[in-house]
Structures are given as C-alpha cells and as structure tokens.
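Asks: Here numbering that gives the first Met the number 0 is used: the first residue of the sequence shown is 0, the next is one more, and so on.
Yeah, the Cβ is synthetic: ideal placement off N, Cα and C, and Gly gets one too.
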Amino acid sequence: MSDTSRAAALLAQVARGLVRHGREETVRTLGDCRTDIGLSDVGRAITCLRAAVLNKIGGKPTETLQRQLVLQRGHWLEAGLIPAFRANGATLMSQLEISITPGDVPIRALLDLTLVADGVVRVQELKSTARLPDVLSPGYEVQLYGQIGLLYAYWNQPVFGAEGLSQRTFPQLVQALFGIVLPDTPERVDLEGWVLCVSMNDAKAFGPYGPDANMTDLVLKTAETLWHAMRQEDSNLPICPGFHPLCDWCDQTKLRVELTNRLGPDDADALLERITTNGNDYDRLTVSPLK
C-alpha cells in the first residue's frame, strides 16, 4: 500500500470514529431525537422548516472528515471552555435540561452553560464557526431566546434537570447543586443570555438577550409547527405545487443574512440578484439550506 493510500485510510478511520462517537453521544445525551423538539430544531425551522423536518426524521451522519470536524468541534469547544470559566471562579452547570409538554408537543431544551451567582443567572450558548459572523443568524437568536424564555416562564415548575438531578424547580436545582438560594420568581433575578461564537483563532460575543414574551411565544408556536410537520411527513405531507414538500421559498431578509455569513456581502448580493432576476433552478439549489 502506498503512503498516499495509507494516509487516506488513516483519515477514513478518523471520520468513521467521529461518526460512531457522535452517534453514541447523541443516544447517551439526547436519546431518540425524533421523540421531542429541541431548541436547535426550532432555530433550524425558523430558517427552513423543510430542512428541520428532514434533519429530524431522516438525518443520516455523513462520514466525510470535513463535515464531521465541523459537527464535533462544538462539543470540543464546550469541553474546553468549562474549565476556563471555572478557573475564573464561576459556578456553572453544563447541559441544563428543561423538559416541558405544552399541549401535545414534547420540548426538551438543553442549555450549554448556565452560570449562577446570588441573584444573577447567565445563559451561554456556544457556537463553533469557521469564521466569526458580522451579525448573528436568526436561528441562533431564536434558540437563545427560547432558552432564556423557557427558563423565565417555567422558573418555579419542576421541569429542570442537571448533574443527575431531575424534576426540580430551577431554584431547587441550584440550591441542591451549589447551595445558592435564588428567589422563587425570576423577576427579582438578573437574567441574561449570550451567544459566544468561537473560530479557530478568535471569538465574539453577541448579547445580552433578555426574556421576551413574544419571542417565547414564537418559539413555542414554531415547535408546534415542526412537531406536527414531522407527523404529517409520515403520512404524505401536502405538497406546495412547484416546490419540494415544506419548501415555501426563503424569505429574502433571512436568506441574505445566511448567505452573507457564508459568502461575504458581495458574493451574497450577486447570488441574490441572479435568483430574483431569472429564478434559475441551479442558483436556487445552490442556496438551499440543505446545502
């Protein structure tokens, strides 16, 4: 076997291992993702409902090394930042879980990092990016609004869990883990959320975000839409003529933000101009969220 073939075999082994490890970690931490809605799912659905549904019911891990490195980098980021925050004396919990079922929609929110002090709570959503965005994507914003909104709305209900504990109110959970006493209502707490984007050589924080009743309502309604769309997909989801099922064509404002983050403003504007002037199918496929 040539050195080139041996190098390719080594990289293939790494890719397969990452796929297997990612699958095992997903089962361990999330279980069957088709049985509930996560806030990252809601963020995807805000950008493209079609992509969110396909990711939930038919997503299969790709074994290309490049894609796996992108997917796994977020987990490595969290593992690296937790000791960094703790070195500064921060009291935090990783992967705080909020499990609720409004109506018939099971929602399970996982918060990357939740920092707690007397009367102060900071939610940190971590994002690993190839390059730092100029503006935060709508999906990321909605995900964070959902996290702090559910934390605020369900503060004193036994729907929280972390570190092996479950079915506690948030104040009960914090007191059991850290001995910190929080008020029974969130109105007396300084509650903020931040998105921390980290690239290979830099970082950028977006925030602060506070609880917003309208955004919380949007998150819950989007989760309901996604949940019912998943059920309909199993029984022949109605098709919009001329488009893929669920694909009602992207809102240009959201699409412009997404493309600018991916391509830069000049290339994004040029591509949007081609799409809106000639409606070329290939160009539309190029900007599909599934790409």
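#1: Could you pull the start and end residues of the beta strand (DSSP E) that R167 belongs to?
#2: I'd like the span of the alpha helix (DSSP H) that includes Y208, first residue to last.
#3: Can you name the start and end residues of the alpha helix (DSSP H) that Q146 belongs to?
#4: Comparing C-alpha positions only, which one of G192, E96, R187 and R49 sits nearest to L107?
#5: Buried or exposed for D40, please, with buried defined as at least 16 other CB atoms from any protein chain shown within 10 angstroms of its CB.
#6: What number of angstroms, rounded off, separates the C-alpha of G145 from the C-alpha of A6?
#7: Write down every uninterrupted run of the beta strand (DSSP E) in the segment 61-140 whose length is 3 residues or greater and which is fully enclosed by it, in chain order.
#8: Suppose contacts are defined by Cβ-Cβ distances below 8 Å. Is V218 in contact with L135 by that definition?
#9: Might you give, ordered along the chain, the residues of its own chain that have their beta carbon closer than 8 Å to the beta carbon of T224, omitting 5 neighbours on each side?
#10: Please report the straight-line C-alpha distance between R19 and L10, rounded to a whole angstrom.
#11: May I ask you to report which of helix, strand or coil DSSP gives I179?
#12: So is P182 buried or exposed if we call it buried at 16+ other beta carbons inside 10 Å?
#13: With burial defined as no fewer than 16 other Cβ atoms inside 10 Å of the residue's Cβ, what is the status of S127: buried or exposed?
#14: Are the CB atoms of M92 and G148 within a distance shorter than 8 Å?
#15: To the nearest whole angstrom, what separates the beta carbons of L131 and S198, a pair I think is in contact under 8 Å?
#16: Pop quiz: E191 and P207 are said to be a contact at Cβ under 8 Å. What is the actual Cβ separation, rounded to whole angstroms?
#17: Would L114 and A86 qualify as a contact pair, given that the criterion is a beta-carbon distance under 8 Å?
#18: Rounded to whole angstroms, what's the CA-CA distance from Q171 to D189? Just pull it up for me.
#19: Evaluate R230 with the Cβ neighbour count: other Cβ atoms within 10 Å of its Cβ, from every protein chain shown; 16 or more gives buried, anything less gives exposed.
#20: How is G42 classed by DSSP in three states: helix, strand or coil?
#21: Tell whether a beta-carbon distance below 8 Å holds between I99 and V13.
#22: Take the Cβ of N200 as the centre, count every other Cβ of all protein chains shown within 10 Å, and call the residue buried at 16 or more, exposed below.
#23: Please report the straight-line C-alpha distance between G16 and L68, rounded to a whole angstrom.
#24: According to the neighbour-count rule (16 or more other Cβ atoms, all chains shown, within 10 Å of its Cβ), is Q142 buried or exposed?
#25: Counting only the same chain and skipping the five closest in sequence on each side, list residues whose C-beta sits under 8 Å from that of I179.
#26: Does the distance from the CB of L125 to the CB of L80 come in under 8 Å?
#27: State the CB to CB distance for the pair I36 and A222, rounded to an integer number of angstroms; the pair is presumed to be in contact (CB under 8 Å).
#28: Name the residue from S1, G42 and R33 whose alpha carbon lies nearest to the alpha carbon of H227.
#29: State the Cα-Cα distance for the pair D111 and Y153, rounded to the nearest angstrom.
Replies: According to the structure data:
#1: L164 to R167
#2: Where Y208 is concerned, there is no enclosing alpha helix (DSSP H), although the beta strand (DSSP E) it sits in stretches over A202 to Y208.
#3: P137 to A152
#4: Residue 107 is actually Arg in this sequence, not Leu. Among G192, E96, R187 and R49, the Cα nearest to that of R107 belongs to E96.
#5: buried
#6: 44 Å
#7: 91-99, 106-116 and 119-127
#8: no
#9: A44 and L48
#10: 14 Å
#11: coil
#12: exposed
#13: buried
#14: no
#15: 5 Å
#16: 4 Å
#17: no
#18: 18 Å
#19: exposed
#20: helix
#21: no
#22: exposed
#23: 11 Å
#24: buried
#25: T90, V115, A116, D117 and V173
#26: yes
#27: 5 Å
#28: R33
#29: 18 Å
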